[in-house]
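Visitor: The structure follows.
Residue numbers (my numbering): 145 to 372.
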């Protein structure tokens, strides 16, 4: 029976909560996004609570190249090398290291505008982004592509937060996995960190695009599940 299974990862030290998704259908076990570089033990523990292991994963789908979504990808692939990585074609070069992270470019450009107090935090953020290890991408996808997960999983281009951001629509489960195209803030869907969206009008349009889908639930990486 096809299932969408939310995971809950609480980041040590900060208390930040991340909500990756598992898509399970008997033939495939797919993890959507995989947290920070240090998140692998959290994923292993969360899956173990469900009687599962990352060794059973067939694919990992990465919505975009921010470090809280793909930072742990290299370590996950190194430990479990049978996993195939799937990502949007526009995001793939940033995952593999062929192109410099757009978030790092943005952070470096903002540094001169920061106050002395904020500059130290900005420098630490840049160092964190530079430390993210590149990872392989085995399959690239584009808007409208249909993946054979959970009876048919459609790729939805949701640019704005990053140019190549993609979300997933599972009509058979009446569910959407939003990545950062939608977040929940006090139970209300919103654009993720609008001040840092690389194209805010696109991000706002992508949020409305997801909310207009014929679905009963939206799993947001930040905030959890929104139900109609």
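The beta-carbon is built from N, C-alpha and C at its ideal position, and this holds for glycine as well.
Spatial neighbours of residue 236 within its chain, please: CB distance less than 7 Å, with the 5 preceding and 5 following residues excluded, ordered by chain position.
Guide: Sequence index remark: in the chain shown, residue 236 carries index 92 (1-based). Here the set comprises 281 and 284.
Visitor: In angstroms, rounded to a whole number, what distance separates the CA positions of residue 156 and residue 203?
Guide: The residue labelled residue 156 in the question sits at position 12 within the chain shown. The residue labelled residue 203 in the question sits at position 59 within the chain shown. Whole-angstrom Cα-Cα distance: 26 Å.
Visitor: Take the Cβ of residue 384 as the centre, count every other Cβ of all protein chains shown within 10 Å, and call the residue buried at 16 or more, exposed below.
Guide: This structure gives no information on residue 384, because the portion of the chain shown stretches from 145 to 372.
Visitor: I think residue 251 touches residue 266, with their Cβ atoms under 8 Å apart; what is that distance to the nearest whole Å?
Guide: Residue 251 sits at position 107 when you count from the first residue of the chain shown. Residue 266 sits at position 122 when you count from the first residue of the chain shown. About 6 Å; that satisfies the 8 Å criterion.
Visitor: Once the 5 residues before and after residue 213 are set aside, which same chain residues still bring their CB inside 8 Å of it?
Guide: Start at 1 with the first residue of the chain shown, and residue 213 comes out as number 69. Answer for residue 213: 177, 178, 179, 206, 207, 323, 324 and 365, listed in chain order.
Visitor: Comparing C-alpha positions only, which one of 335, 311 and 306 sits nearest to residue 297?
Guide: One-based indexing of the chain shown puts residue 297 at position 153. Ranking 335, 311 and 306 by Cα distance to residue 297 puts 311 first.
Visitor: So the candidates are 145, 217, 246 and 149; which of them puts its Cα closest to the Cα of residue 115?
Guide: Only positions 145 to 372 of the chain appear in this structure, which leaves residue 115 out of reach.
Visitor: Report the rounded CA-to-CA distance for residue 268 versus residue 262, giving the unit in angstroms.
Guide: For the purposes of this step, residue 268 is taken as the residue at position 124 of the chain shown. For the purposes of this step, residue 262 is taken as the residue at position 118 of the chain shown. If you take the alpha carbons of residue 268 and residue 262, they lie about 10 Å apart.
Visitor: Grouping DSSP H, G and I as helix and E and B as strand, with all else coil, what is residue 187?
Guide: Residue mapping note: residue 187 aligns to position 43 of the chain shown, counting from 1. DSSP places residue 187 in helix when its eight states are reduced to three.
Visitor: Please work out which residues of its chain come closer than 6 Å, Cβ to Cβ, to residue 241, disregarding the five sequence neighbours upstream and downstream, and give them in chain order.
Guide: Indexing the chain shown from 1 puts residue 241 at position 97. Around residue 241: 278.
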